[in-house]
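Taken in sequence, the protein lines are chains A, B and C. Okay, so the first sequence: first residue is 2 according to my numbering, each after it adds one. Okay, so the second sequence: first residue is -14 according to my numbering, each after it adds one. Okay, so the third sequence: first residue is 159 according to my numbering, each after it adds one. Just below is one structure, and these are the notes that go with it.
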Amino acid sequence: MGNVKRSPWLLHYDGSSCNGCDIEVLACLTPVYDAERFGIINTGDPMQADIFLITGGINKANQAVVKQLYDQMPRPKVVVAVGVCACTGGVFKECYNIIGGADTTIPVDIYVPGCAARPQAIIDGIVKAIDLWQAKADKMENVQKELNKLDKLEEKEKK
Amino acid sequence: MEIKNPEHVIVQITPEELLGNVVAMKKNGLRLSQICCAYSNEKLELSYSFADDNTYDYINLRLVIDKDTEVCSITELYPYAFLYENEMKELFGVNIMMLNVDYNSKLYRLHDETPFIK
Amino acid sequence: MAKQSIVPFGPQHPVLPEPIHLDLVLEDEKVIEAIPSIGFVHRGLESLVDKKDFNEMTYVIERTCGICSFMHGMGYCESVEKIMNVEIPDRGKYLRTMWAEMSRVHSHLLWLGLLADAFGFESLFYQCWRMREKVLDLFEMTTGGRCIFSVNKIGGVLKDVDDVMLATIKATTQDIAAELRVIRKTFMEDYTVEARLRGVGILTKEQAHNLGTAGPFARASGIKMDMRTTGYAAYGDLDFDIITSNECDSYGRCEVRINEIFQAIDLIGQCIDKMPKGDIATIVKGNPNGEAFVRMEQPRGEAVYYSKANGSKFLERMRIRTPTFANIPGLLETLKGADFADVPLLILTIDPCISCTER
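Set out below in structure tokens:
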């Protein structure tokens, strides 16, 4: 974790997980494991969130919900799939109602394996997500700078 | 602690006898513990389980029916049976009549219809 | 008549760790009716009996729910053992009972924390979860897993626990009991907490019976019912009373669950004191043929496991009726007439486990 300029906020949504990963995600945020020391904070509002933690596979009923949550998040955004169900579908892959892992619906950046994923692994995933989020933010900033330059050039030419 | 563990009873009944039996259960103050459906040998097996919370008796009414046999809903007697009956209807396609709260097979909002019937 | 409005609640909501959707019909600030719609977590794991044989199914059933995972595995194994007429060794039974009661301690502490979070008492939430971590450490020490530890198998358990570990378990659970006595005071006597819980979400004894509720939710309304009385596993040898409360409100539900933690810690102590020597599992041969119902007291209430086998290695049908499924009608009743602001709290007081419910 190098140059993190802002504190990303975290949104957690339970896809169709068995709760195992969910309570581990929550356990990560409590003082024993304390992922909040990396500057993140858990929020319930997708419109203020930067990192999306998703647990569990995707089924037909929650597909639209997951997609909507993802779309509501402002750019740049990072998606972390926590647990083997969110990565591939896991033990439930063959169930009739499971479409697959989270990447069948939204683009996933970081995969955290495990059944249930251990807090150490989740924290590792979060740290990687923060880095990636910063990199994406920098990239966006650079693009914006270039665009601003172009705008200025255009203005000059007009004059 | 006194152990109370009576043998579980399974009573075979026909669809016509169902309501009468359920009324008797209701009169004795039994609680509807669950309704379960199983599909085997092209037949549907419905188990209505009733529990007595004082003696820990467990009585199962067993219906063996064809796929298209109509079964009367018991939601008039046990209103909270609506979840079990909607579940059976959606997963197994059991033909349940006169459901109080009918989700029209949209309780779980599944991919495919009646996934337990092969 | 005031104007009615419908407020959608969930599936994604800050107070809910799990997705459930309710349509709340409001009249001003009062809830008139709540219409549930579920299905966000429905996986259909019961249908996996066609693809996994009856031994592998243990691991699938354990993943019904990550909180009461051990008891799901235990219930499934007992149902298959009942079909096959297998009597598991005494040590296996006692180990199962011990782990089951440890699961109850961890589940109830988790619930207490979430409740504290729901009424906005953040530090109390952290205290409960800090204590819960101790139980998870014990799980990790004895089985290697924290949430899902897969130690059940048909015919017994997979791992033995040595005397040093047993002594550690006893000492640690006693520590938890001592700490809980301090926290109990806050939950039961604090003015603000009491104001938030007392008289909220009343469900009378009659209503609780007529709506078929189960577990602590029913016991808080004065119904004396506990499946452990049927003496499955080693409960027949242990000494315990059924904990009830006559408060019939959220306060009563909290009281019952706190007292059940003390009871569970006492039961763990009894298990360890009486722990017999010997094998932990018997060898099971052949395939099951027949059907069986097993009832079990989970942290959330009565769970029913039904297995039906036809002599092949694949079961014909496996069904779990989980306690939250039975408690939803009761929840809908308590929501009627409640304040809109109390809805998250009331949903929590039944200790909902949606992934259990929808399977």
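For each residue, glycine too, the CB sits at the ideal point set by N, CA and C.
For Val8(B), count neighbouring Cβ atoms within 10 angstroms of its own Cβ and tell me buried if that reaches 16, exposed if not.
exposed
Per DSSP, which residues does Phe167(C) bridge with? Please list them.
Leu180(C)
Can you tell me which residues form a DSSP beta bridge with Leu270(C)?
None; Leu270(C) has no bridge partner.
Roughly how many angstroms separate the alpha carbons of Asp97(B) and Val79(B), rounded to a whole number?
15 Å
Measuring alpha carbon to alpha carbon, tell me which residue in Phe35(B), Tyr63(B), Phe77(B) is nearest Leu84(B).
Tyr63(B)
Please classify Glu70(B): is it buried, with 16 or more other beta-carbons within 10 angstroms of its beta-carbon, or exposed?
buried
Cα-Cα, which of Pro169(C), Leu174(C), Ile164(C), Val165(C) is closest to Glu503(C)?
Residue 503(C) is actually Leu in this sequence, not Glu. When each option's Cα is compared against that of Leu503(C), the closest is Leu174(C).
Mind checking who Phe53(A) pairs with in its DSSP beta bridge?
Leu12(A), Val80(A)
By the criterion of Cβ-Cβ separation under 8 Å, what are the contact partners of Ser205(C) in chain B?
Pro100, Phe101
Cβ atoms of Ile400(C) and Asp384(C): under 9 Å apart, would you say?
yes
At what residues does the alpha helix (DSSP H) containing Phe520(C) begin and finish?
Only positions 159 to 517 of chain C appear in the structure, and residue 520(C) is not among them; the question remains open.
Could you check how far apart the C-beta atoms of Val128(A) and Phe39(A) are, in whole angstroms? I think they sit under 8 Å.
6 Å
Inter-residue spacing [alpha-carbon to alpha-carbon] between Met48(A) and Ser163(C):
25 Å
Local Cβ density within 10 Å of Arg7(A), reported as buried at 16 or more and exposed below that:
exposed
Would you call the segment 30 to 39 of chain A and the segment 230 to 237 of chain C in contact, with 3 or more CB pairs under 8 Å?
no
Give me the Cα-Cα distance between Ala499(C) and Asp53(B), rounded to the nearest whole angstrom.
46 Å
Among Lys78(A), Gln69(A), Met74(A), the one whose alpha carbon lies nearest that of Trp134(A):
Lys78(A)
Does Cys57(B) get closer than 9 Å to chain C when you measure Cβ to Cβ?
no
Would you check if the distance between the CB atom of Gly57(A) and the CB atom of Asp125(A) is smaller than 9 Å?
no
How about Val67(A) and Ala130(A): do their beta carbons lie closer than 9 Å?
no
Candidates Tyr217(C), Asp248(C), Ile246(C), Leu282(C): which alpha carbon is nearest Ile306(C)'s?
Tyr217(C)
Within chain C, partners of Gln(-3)(B) - CB distance below 8 Å
Per Cβ cutoff of 8 Å: no residues; Gln(-3)(B) is ~13 Å from chain C at best.
Just to make sure I have the definition right: I need the residues of chain C whose C-beta is within less than 9 Å of the C-beta of Tyr(-10)(B). Which are they?
Looking at the sequence itself, residue -10(B) is Asn, so the reference to Tyr does not match. Residues of chain C passing the Cβ test: Thr387, Thr388, Gly389, Tyr390, Gly394.
Please report whether the beta-carbon of Ile100(A) lies at a distance below 9 Å from any beta-carbon of chain B.
yes
Indicate the three-state DSSP secondary structure (helix, strand or coil) for Ser32(B) in the structure shown.
strand
Using only the alpha-carbon positions, how far apart do Pro374(C) and His(-7)(B) sit?
24 Å
Pairwise C-alpha distance: Leu11(A) and Ala138(A):
16 Å
Lys343(C) burial status per 10 Å Cβ neighbour count (16 or more: buried):
exposed
For my contact list, Thr301(C) and Ala392(C) are in at a C-beta cut-off of 8 Å; report their separation, rounded to the angstrom.
With 8 Å as the limit, Thr301(C) and Ala392(C) do not qualify as a contact, their Cβ atoms being about 18 Å apart.
Which residues in chain A sit within 7 Å of Leu92(B), going by Cβ to Cβ distance?
What Leu92(B) touches in chain A: nothing, since even the nearest Cβ is about 10 Å away.
Measuring alpha carbon to alpha carbon, tell me which of Glu474(C), Pro510(C), Ser465(C) ends up nearest Pro487(C).
Pro510(C)
Start and end residues, beta strand (DSSP E) containing Phe451(C)
447 to 456
Within chain C, partners of Thr89(A) - CB distance below 7 Å:
Simply none; closest approach about 14 Å.
Considering Glu220(C), what are the terminal residues of the alpha helix (DSSP H) in which it resides?
215 to 220
Looking only at DSSP bridge pairs, what is Met82(B) linked to?
Cys57(B)
Can you confirm whether Pro64(B), when its beta carbon is compared against all beta carbons of chain C, has any partner nearer than 9 Å?
yes
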